[in-house]
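Asker: My numbering puts the first residue of the sequence shown at 133, with every later residue one more than the last.
Backbone N, C-alpha and C define an ideal beta-carbon position, used for all residues, glycine too.
What follows is a single structure, and I will ask about it in a moment.
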Amino acid sequence: MQVGPLLMLAACGGNGSSSSVTAPGTPTLDSAAAGDTQAVLAFTASTSGGTATTYNGDCSATGATTRSVTGSSSPITVTGMTNAIAYTCTVTASNSAGTATSASKSVTPVAASSAPGTPTLNSATAGDGQAVLAFTASTSGGTATSYSGNCSATGETTRSATGSSSPITVTSMTNTKAYTCTVTATNSAGSATSASKSVTPVAASSGGGTSTTVDTTTLPVGTSKVITTVPTDAGYLYLCSTANVSAGNPGNSAQGWISSDGTTWNLQTKSLYSVSGAVSWASTFTNAIANGFRKLDGNGLPSHTTGIYKITNETSPQAYQYDQNPNYILTNTIAWSGLNPNPTVNATPTCLSTGAVGVFLTGARMFAAFDAKGRDARAWEVTDACEGHPAPGGAYHYHSMPKCGLTADVTGQHSAVIGYAADGFAVYGMQGDAGKTIANADLDICHGHTDTSVTQYHYHTTETFPYTIGCYRGTPITSHN
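As structure tokens, this is what we get:
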């Protein structure tokens, strides 16, 4: 008489419960980069389905042995391949409930012609128990297939990290200890190590990257400093053409955080009107050096959460009264190639046009600090808490340093690289040598300079207009939408 209940218990796993594990979603194989008898498979995990416990990279070719390598995250390097044979590669996500395989990409391994040239270690920026090593690949020698950052200190374990492009973050370091760091470029033919730089990790301050010396309640409105001639002083925005004063989003006419005389604005008050929400995005972004040039690729979506766009009275009533931005955030491909990792400083700067002038390491675009009407965009336009919003066409972008998704500044230390302008020069945060808060007076007419910590010319972000870059000090690439 007990046969029925016993069978029911067995079918339910013995305790009446059922497994909640679901098979992982399909990963996206972003790229398959050829190396010497190998391929580097860079992929993005799916945001749907269950969590994958392993990933398998598989490369097959007619007449050749299929090669497979298992890993826990991107990228996976599949080795033992035969040079000059075209392989088809996939990445498979697996867990106890099942598997899902990406679409394939083709790759043909090639022999490295020579060992890579010596990389240049541009800066070693201290963090809390870590160092961020920003470097430039050599334009001589063979193409490096990997880079390793190494930091050593007397009496301490040497710490290392690998990556495919700059920067590399070396972790598990001991705060207050002076380390010597290098970057080594490697391929199958050999390796080359940069000159060293010293860095002393320190505990992070609670302030992160926010300036503590600028009064953000009375920031100057920068509209009067939007010009169409080469500037002769710092703090200006040099545009290629005048703006369309009739353009712009509905609203945007009398912002409650701008002073009655229109000369100053209050960032703290404006933040009360930020667009509400915390929407997550499947961001993809790579920053790599290939064939001597930097390449930035991604889907234009940020690595952090955003507010809910378009702006409506239902989702963001506080923002809607000042800015009725009708645009949604959409995928907008970033495919910037040909960026010179060692750009030349030109005697005469180049003006800025509408649209993207750079890309932040959040994976989203940097726009110059003017809106469609030629006004100070940061002062006038409503954004979310990360200081981003979508343009017509859906491209999420910032007119100032993002408040989310970047390496935090550390007291007493130079800021890390947070993005790249379209002329190839790096963009850093708001701190210079010894952690000094950067002001316009410290920078040139394009909002950049050189200093002791970073000897290559570079731009800085500031709390004051023009916030990011004021013009191009180098030669911008032709296509940088």
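#1: Here's a check: name, in chain order, each residue in its chain whose Cβ is nearer than 7 Å to the Cβ of Ser-337, leaving out the five neighbours to either side.
#2: Go ahead and pull the three-state DSSP assignment for Ala-247.
#3: Is Arg-426 closer than 8 Å to Leu-484 when the C-beta atoms are compared?
#4: So, is Val-242 buried or exposed, given that buried needs 16 or more other C-beta atoms within 10 angstroms?
#5: Would Ser-205 count as contacting chain C if we go by Cβ distances under 8 Å?
#6: Specify the secondary structure class of Gly-136 as computed by DSSP and reduced to three states.
#7: Are three or more beta carbon pairs between the region 263 to 281 and the region 297 to 307 nearer than 8 Å?
#8: Along the chain, where does the alpha helix (DSSP H) that runs through Pro-449 open and close?
#9: Look up Gly-259 in the DSSP assignment and give the residues it is bridged to.
#10: Please state the DSSP three-state secondary structure of Arg-291.
#11: So Ser-192 and Thr-198 are in contact, right, with Cβ under 8 Å, and what is the actual spacing, rounded?
#12: Return yes when the Cβ of Gly-439 is within less than 8 Å of the Cβ of Gly-394, no when it is not.
#13: Over what stretch of residues does the beta strand (DSSP E) that includes Ser-284 continue unbroken?
#14: Leaving out five residues before and five after Thr-252 in sequence, what residues of the same chain have Cβ atoms less than 7 Å from its Cβ?
#15: Which class does Ser-412 belong to by DSSP, given the choice of helix, strand or coil?
#16: Sorted by chain position, which residues of the same chain lie with C-beta nearer than 8 Å to Asn-633's C-beta, five sequence neighbours on each side aside?
#17: Compare the beta carbon distance of Phe-597 and Ala-479 with 8 Å and say whether it is the shorter of the two.
#18: Within this structure, are the beta carbons of Tyr-452 and Asn-445 separated by less than 8 Å?
#19: Taking 8 Å as the threshold (C-beta atoms), are Asp-576 and Gly-564 in contact?
#20: Between which two residues does the alpha helix (DSSP H) containing Arg-510 stretch?
#21: Can you give, in chain order, each stretch of the alpha helix (DSSP H) that sits fully within the region 479 to 541 and has at least 4 residues?
#22: On the three-pair Cβ rule with 8 Å, is the region 515 to 525 touching the region 459 to 466?
#23: By DSSP, does Thr-401 sit in helix, in strand, or in coil?
#24: Restricting to Cα atoms, I'd like to know which of Asp-555, His-590, Gln-588 and Thr-593 is closest to Thr-607.
#25: Mind checking Gly-388: buried by the 16 CB within 10 Å criterion, or exposed?
#26: Does DSSP put Asp-574 in a helix, in a strand, or in coil?
#27: What span of residues does the beta strand (DSSP E) with Arg-426 cover, start to end?
#28: Which residues in the same chain have their Cβ closer than 8 Å to the Cβ of Val-559, if we skip the five residues on either side of it in sequence?
#29: Taking the C-alpha atoms as reference points, what is the distance between Ala-527 and Ala-467?
#30: Look up Ala-566 in the DSSP assignment and say whether it is helix, strand or coil.
#31: How would you call Ser-228, buried or exposed, if buried means at least 16 neighbouring beta carbons within 10 angstroms?
#32: Please state the DSSP three-state secondary structure of Thr-316.
#33: Can you give me the Cβ contacts of Ser-236 inside the same chain, cut-off strictly under 8 Å, excluding the 5 residues immediately before and after it?
Answerer: Taking the definition as stated:
#1: At Ser-337, the pLDDT of 40 sits below 50, so the modelled position is not reliable and the matter cannot be decided from this model.
#2: coil
#3: no
#4: exposed
#5: The structure shown contains no chain C; it is built from a single protein chain.
#6: Low per-residue confidence applies at Gly-136: pLDDT is 46, beneath 50, and the placement is therefore not dependable, though the value from the model is reported in the following sentence. Of the three classes helix, strand and coil, the one that applies to Gly-136 here is helix, per DSSP.
#7: yes
#8: 449 to 452
#9: Gln-262
#10: strand
#11: 4 Å
#12: no
#13: 278 to 284
#14: Phe-267, Thr-268 and Ser-326
#15: coil
#16: With the chain running from 133 to 613 in the structure shown, residue 633 is simply not present.
#17: no
#18: yes
#19: no
#20: 509 to 512
#21: 509 to 512
#22: yes
#23: helix
#24: Asp-555
#25: exposed
#26: helix
#27: 425 to 430
#28: Gly-490, Phe-492, Met-498, Val-549, Ile-550, Gly-551, Tyr-552, Ala-553, His-590, Tyr-591, His-592, Thr-593, Thr-600 and Ile-601
#29: 14 Å
#30: helix
#31: exposed
#32: strand
#33: Leu-161, Thr-220, Cys-221 and Thr-222
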